[in-house]
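Peer 1: Chains as they are written, first to last, in this note's numbering: chain G, 95 to 403; chain E, 552 to 925. Cβ coordinates follow ideal geometry from the N, Cα and C atoms, glycine included. This structure is a prediction, so every number in the text was calculated from the model and none was measured.
1) Give a yes or no on whether the minimum CB-CB distance between residue 732 of chain E and chain G is below 7 angstroms.
2) So, under 8 angstroms CB-CB, residue 284 of chain G and residue 206 of chain G are touching, yes? Tell me the CB distance rounded to an integer number of Å.
3) Could you give the residue range of the alpha helix (DSSP H) that holds residue 840 of chain E?
4) Nearest chain E C-beta to residue 134 of chain G closer than 7 angstroms, yes or no?
5) Just to confirm, is the Cβ distance from residue 754 of chain E to residue 743 of chain E under 7 angstroms?
6) Between residue 757 of chain E and chain G, is there a C-beta pair that is closer than 7 angstroms?
7) Using 8 angstroms for Cβ pairs, my map puts residue 844 of chain E next to residue 791 of chain E. What's the rounded Cβ distance?
8) Give the range of the alpha helix (DSSP H) segment to which residue 732 of chain E is assigned.
9) Taking the C-alpha atoms as reference points, what is the distance between residue 169 of chain G and residue 180 of chain G?
10) May I ask whether a heavy atom of the ligand FAD can be found less than 6 angstroms away from the beta carbon of residue 341 of chain G?
11) Give me whichever residues DSSP pairs with residue 706 of chain E in a beta bridge.
12) Does the Cβ of residue 785 of chain E have 16 or more other Cβ atoms within 10 Å, making it buried, or fewer, making it exposed?
13) Cβ of residue 682 of chain E less than 7 angstroms from any chain G Cβ?
14) Along the chain, where does the alpha helix (DSSP H) that runs through residue 299 of chain G open and close?
15) Find the nearest neighbour of residue 816 of chain E within the set E/803, E/806, E/830, E/839, judged by alpha-carbon distance.
16) In three-state terms, what does DSSP make of residue 178 of chain G?
17) Just to confirm before moving on: does the CB-CB distance between residue 852 of chain E and residue 770 of chain E stay below 7 angstroms?
18) Between which two residues does the alpha helix (DSSP H) holding residue 243 of chain G run?
19) Taking a Cβ distance cut-off of 8 angstroms, strictly less, list which residues of the segment 848 to 877 of chain E are near chain B, in chain order.
20) Which whole-angstrom value describes the C-beta separation of residue 858 of chain E and residue 724 of chain E, a residue pair presumed to lie in contact below a C-beta threshold of 8 angstroms?
21) Under 7 angstroms between the Cβ atoms of residue 323 of chain G and residue 300 of chain G?
22) Considering only C-alpha positions, which residue in the set G/186, G/176, G/335 is nearest to residue 374 of chain G?
23) Taking Cβ positions, are residue 591 of chain E and residue 893 of chain E nearer each other than 7 angstroms?
24) Could you have a look at residue 636 of chain E and say whether DSSP puts it in helix, strand or coil?
25) Could you give the residue range of the alpha helix (DSSP H) that holds residue 156 of chain G?
26) Evaluate the contact criterion for the segment 155 to 164 of chain G versus the segment 108 to 125 of chain G: three or more CB pairs, one atom per stretch, below 8 angstroms.
27) Can you tell me whether DSSP reads residue 171 of chain G as helix, strand or coil?
28) I'd like to know if the segment 712 to 719 of chain E and the segment 888 to 908 of chain E are in contact, where contact means that at least 3 CB-CB pairs between them fall below 8 angstroms.
29) Do you know offhand how far residue 582 of chain E's Cα is from residue 384 of chain G's?
30) By the 10 Å Cβ neighbour count, where 16 or more other Cβ atoms means buried, how is residue 97 of chain G classified, buried or exposed?
31) In this structure, how does DSSP classify residue 590 of chain E when only helix, strand and coil are distinguished?
32) Is residue 332 of chain G helix, strand or coil when you go by DSSP?
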């Protein structure tokens, strides 16, 4: 009975996932079609290339060709120099992956202990001040934080942390080259403040609940009763912050001069490289949808109230 | 008495401080032209890369002496080492740009920004970073400088007054923000009202649209639109407004959903009011207008953030027009030099105005929660 129900929900959610990805791809394709003139005119492509990229077909057929090619991981070619887009993506994905995962990890590492401390302790003036300071710092735009941090590092250590360190291992150049962008992305972008705020409020909200009082009077361990109600809303915030983090990656890669997907997107926008930007957008939308799907399924398995109805 | 009562409610300090910043910002945006001594695009070739100071301020501080100094130097002076300073920063910019940004992007970027990168200065085998590490002997300003200008926040490499550039930037930041508010609230509130009041199919449809928008990162969506159409702040603001629609409509929907079974709605229905009037007057204006102001304030903060960031990425406000992000982009390497004022003051302006709007929205939110709890 229970198994059947879970399977039914899984099927429904998967259907929604596929439908929304198709809708997203249609949206991206239609936005690109809004361009005045067309791709072939803008880049003055040769007739052979136009035929190869199916640009001479009617729009609905173009969309079907494009989507079909994307399903076989063929995202077209870069319109500036003819490199296949999947080669570009593979080349640049590593940097971005490291930045995103690293900064998410770092901001969790900083925010979770602070939020737990603030949430468990009673509401006080100093707690309010600390949380509002963190919130204020994290709402400074990423590029301002980035340049302030770069300026401080330059002032203190007298080197420019944008050059890839070569040759002998020296502690500070190597550490700052790899850690600084992650640090800036974790601090800025609003992520830190949001995490602290949400987690603190959830913990505070939970500790007023009757089952916590009951557990306390029974003398049992409180941790188990805290984890489930806190982790479900917190996970949904973490997943929704991934989208914001990807926005921040574009800026951070530009400041720190890293060649990643953010840089690729920036350059593609500058050169009006439509296939590259369509591929990047579709892939990020896919990534975020899959993360949301995983989060929903996890919440479903953790929260018995959702299973009931 | 009323004021003291207000100050005791939660969120009041945030409301007052945020509101003060916003009033200041609005004052500069509206009356900026009357406040400034200089036009924002006026290039004062006598004072290039001047540190912040002012003869007006000085005459207030040093009274008699200052006035004497003012009188003594009414004839315009040629600035000391103005040329050297100019070239040194230009060199610094160009050298670093060649070093780290040498690709097609940097070429098109310099052509967009229209900056003068012509440079005849020879390096003579100097260490490339000597500008950064050692302070150049020549650039030392003599101890007794008599100031005859009113550049409160200094000037940049073209001799433009930073203060009047900031004032011009306030205008370009606030206007697009209003546009984003219009889009986000104008679409989000009706969608939320309809979803909450009717429920069922409508709510499902609105939830699907919301989840579709939420699956794109905001900047990626903005960059796609910019790539397809053209770089323009108002297109950016339309997209920004659309990405905020899910948040607003979901907020309004949950609030309206709990309200729509209450007695006053049923009474209004019985007395023959149309659905539109119930939604617009009873559910929105009487119950949810605070949410409107909170969200408007938060959207303004976000729009300043997005506008400055995109201007920094060269897709927002283009260089002849001035935006705070633009100033920082144009002389971003000043962060690494002694000419801190060129980028420091725009950065402060960005941070203060964003925090002002955030605090106003936050304080209003806390006050609303407090009043509803009572």
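Peer 2: In short, the structure shows the following:
1) no
2) Not really, about 17 angstroms apart at Cβ, beyond 8 angstroms.
3) 838 to 863
4) no
5) no
6) no
7) Incorrect: roughly 19 angstroms between the Cβ atoms, too far for contact.
8) 713 to 749
9) 6 angstroms
10) You won't find the ligand FAD in this model; it holds no ligand whatsoever.
11) E/712
12) exposed
13) Unreliable positioning characterises residue 682 of chain E in this predicted model, as indicated by a pLDDT of 47, which lies under 50. The coordinate reading is nonetheless provided below. Judged by the 7 angstroms Cβ criterion, residue 682 of chain E is not in contact with chain G.
14) 285 to 301
15) E/830
16) strand
17) no
18) 236 to 251
19) Protein chains G and E are contained in the structure displayed, whereas chain B is not.
20) 6 angstroms
21) yes
22) G/186
23) no
24) Per-residue confidence for residue 636 of chain E stands at a pLDDT of 45, beneath the threshold of 50, marking its modelled position as unreliable; the derived number appears in the next sentence. Reduced to three states, the DSSP call for residue 636 of chain E is helix.
25) 153 to 165
26) yes
27) strand
28) yes
29) 50 angstroms
30) exposed
31) coil
32) helix
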